[in-house]
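Visitor: In my numbering, the protein residues as written are 53 to 584. All C-beta atoms in this analysis are idealised placements derived from N, C-alpha and C, irrespective of residue type, glycine included. Please read all numbers here as calculations on a predicted model, not as lab measurements. Handing you a structure now.
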Ligand code: GAP
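This is the structure in structure tokens:
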């Protein structure tokens with residue numbers, strides 16, 4: 053049995069071998085935490101993006117999509133809070149000269165305590181029949197002691213962060229006797245805040261006034277265009293604006309392949325709603341987004357919600373959809389109820405109104421005024437700054453989730469193993485591979501006829517190198533749902549064999565039927581139907 057680490061290494065080498073992902077600038081020894089998508093990776097990524105875009109924009113009459121610029125006016129990032137608060141607390145080990153995120157060191161320590169609890173539970177579960185885990189956790193002295201320790205650390209760390217008390221964050225690391233994994237020493241520097249935004253300068257002069265940022269999230273491009281879209285599209289609340297695109301973060305602990313990168317792609321949707329209805333929409337979007345993921349047919353146990361106990365200052369509710377990656381359950385998508393924070397901030401910093409008029413609404417203009425005004429103050433007010441429910445998923449993370457669960461080593465009846473990439477067929481980079489059994493006797497010409505028939509609807513490939521068994525294996529490893537083989541009989545009766553990637557079953561069918569067979573399996577509309 054291979055370990056999860058081995059399995060993950062296997063995913064990374066498979067991704068390279070079959071043209072999915074390459075290290076960026078590899079010939080120059082690569083650039084850390086930056087990756088390129090190869091010929092199959094670019095297709096898979098495009099298909100995942102299409103699945104998201106079509107399910108958001110095409111399937112909802114009240115959601116439209118935009119494509120905002122990566123560069124934005126620098127004040128955008130002051131208004132959003134990123135200039136002042138988009139920081140990670142960092143600490144260096146003086147012996148190894150390695151830099152760590154202080155929060156990650158502390159979280160990893162807490163995780164180790166949780167692992168101990170898990171082991172106690174597993175041991176007890178083996179010992180007692182009809183084991184009641186909840187009862188055990190709430191009564192076993194050792195578990196209670198571990199749990200209290202973990203809770204105490206988390207509470208102390210939370211308070212330190214809330215007070216921006218970096219000396220206390222360091223003290224926690226010292227008190228917990230956390231050692232550097234490289235040097236094994238406890239020789240730590242002070243903790244400092246480090247802003248994650250990349251900056252550059254616009255124009256010929258390089259001074260403070262020309263500094264602009266590479267966007268760290270796509271969401272702000274939506275907020276600043278809220279009124280443009282609402283007015284030009286005559287949108288009525290509730291409505292959404294969707295966007296996909298690159299985002300950049302100078303991640304310090306960038307690791308786990310494409311899970312955490314410095315240049316990555318987000319797929320975000322901001323849903324603008326009437327104040328007071330946001331919790332209902334938040335729940336609706338949580339349900340819809342989970343259903344969207346599960347429609348892909350991946351084992352449902354690999355997904356779970358994680359509600360945030362502590363939400364960001366701008367939110368009144370937040371949850372992650374977590375996925376079980378080869379290195380454990382981690383955030384895949386965030387769903388946030390962001391109140392009217394962002395639009396209010398942009399109103400304040402730009403001096404422009406970002407409000408919505410609704411004759412049927414009578415209430416405060418925004419959440420800040422609601423704190424001090426009384427109903428008497430707003431009896432004639434019919435405008436409001438909309439509240440926003442956001443769904444935000446990392447395209448690269450979703451790519452990794454799909455790729456890593458799809459890669460399997462399958463034992464066959466004849467004792468051999470085959471490498472199978474069981475991608476959801478609608479997302480597969482190549483839908484059909486077409487092979488002439490031999491490169492002669494008119495078979496290649498017949499195979500090309502089929503290639504020309506299918507290429508208008510699907511990404512298909514033609515291959516005549518190697519024996520047929522090897523060609524099938526190669527397409528299994530790429531994840532191609534169908535292989536079609538043209539043989540001697542094809543020339544006589546216009547039939548071919550069509551082989552299913554997952555069952556490896558071959559069927560002889562008339563060439564006229566191929567388009568319909570392929571369409572039923574790979575057309576994205578069947579995936580979209582499952583989510584609507
Ligand atoms: N607009 C909200 C926002 O940006 P976030 O939780 O910081 O929220 C949303 O990011 C999603 O973007 C995450 O759930 C994750 O899938 C993806 N993401 C964030 N940072 C990433 C990184 N460094 N590399 C790859 N994906 C990342």
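#1: What did DSSP end up calling residue 333 once you bin it into helix, strand or coil?
#2: Below 7 Å, is the gap between the Cβ of residue 384 and the nearest heavy atom of the ligand GAP?
#3: How big is the Cα-Cα spacing for residue 236 and residue 228?
#4: Let me know if residue 553 comes out buried or exposed under the rule of 16 or more other beta-carbons within 10 Å of its beta-carbon.
#5: With C-beta atoms as the reference, is residue 444 less than 8 Å away from residue 271?
#6: Is residue 276 buried or exposed, if buried means 16 or more other CB atoms sit within 10 Å of its CB?
#7: Touch check for the stretch 379-399 and the stretch 356-367: three-plus C-beta pairs under 8 Å?
#8: Considering only C-alpha positions, which residue in the set 513, 398, 147, 489 is nearest to residue 130?
#9: How is residue 235 classed by DSSP in three states: helix, strand or coil?
#10: Report whether the distance from the Cβ of residue 256 to the nearest heavy atom of the ligand GAP is below 7 Å.
#11: Closer than 8 Å is the cut-off here; do at least three beta carbon pairs connect the stretch 71-84 with the stretch 253-264?
#12: If we count the other Cβ atoms within 10 Å of its Cβ and call it buried at 16 or more, is residue 293 buried or exposed?
#13: Answer with buried or exposed for residue 490, where buried requires no fewer than 16 other C-beta atoms within 10 angstroms of its C-beta.
#14: Check whether the Cβ of residue 313 lies closer than 7 Å to any heavy atom of the ligand GAP, and answer yes or no.
#15: Would you call the stretch 109-123 in contact with the stretch 336-355, where contact means no fewer than 3 C-beta pairs closer than 8 Å?
#16: Thinking just about the alpha-carbon of each residue, which of 57, 56, 329, 65 is nearest to the one in residue 471?
#17: Can you give me the Cβ contacts of residue 162 inside the same chain, cut-off strictly under 8 Å, excluding the 5 residues immediately before and after it?
#18: May I have the straight-line CA-CA distance separating residue 134 from residue 249, to the nearest angstrom?
#19: Can you name the residues that DSSP bridges to residue 388?
#20: Using the C-alpha atoms, what's the distance from residue 466 back to residue 500?
#21: Exposed or buried, residue 196, counting other C-beta atoms within 10 Å across all chains shown (16 or more means buried)?
#22: What runs of the beta strand (DSSP E), each 3 residues or longer, lie entirely inside the stretch 455-508?
#23: How far does the alpha helix (DSSP H) with residue 321 in it reach, from first residue to last?
#24: Where in the stretch 84-122 do unbroken runs of the alpha helix (DSSP H), each at least 4 residues long, occur, reported from the N-terminal end onward?
#25: Spell out a yes or no on whether the stretch 426-434 and the stretch 405-418 are touching, meaning 3 or more CB-CB pairs, one atom from each, closer than 8 Å.
#26: Take the Cβ of residue 309 as the centre, count every other Cβ of all protein chains shown within 10 Å, and call the residue buried at 16 or more, exposed below.
#27: With a Cβ-Cβ cutoff of 8 Å, do residue 317 and residue 447 count as a contact?
#28: With DSSP collapsed to three states, give me the class of residue 154.
#29: Restricting to Cα atoms, I'd like to know which of 457, 332, 451, 442 is closest to residue 352.
#30: Alpha helix (DSSP H) containing residue 273: first to last residue?
#31: Excluding sequence positions up to five away, which residues of its chain have a Cβ less than 6 Å from the Cβ of residue 108?
Guide: Looking at the atomic coordinates:
#1: helix
#2: yes
#3: 14 Å
#4: buried
#5: yes
#6: buried
#7: yes
#8: 398
#9: coil
#10: no
#11: no
#12: buried
#13: exposed
#14: yes
#15: no
#16: 65
#17: 202, 205, 206
#18: 8 Å
#19: 370, 442
#20: 33 Å
#21: exposed
#22: 459-463, 469-473, 484-488
#23: It is not in any alpha helix (DSSP H) - residue 321 instead sits in the beta strand (DSSP E) that spans 315-325.
#24: 91-105
#25: yes
#26: buried
#27: yes
#28: helix
#29: 457
#30: 271-275
#31: 115, 294, 321
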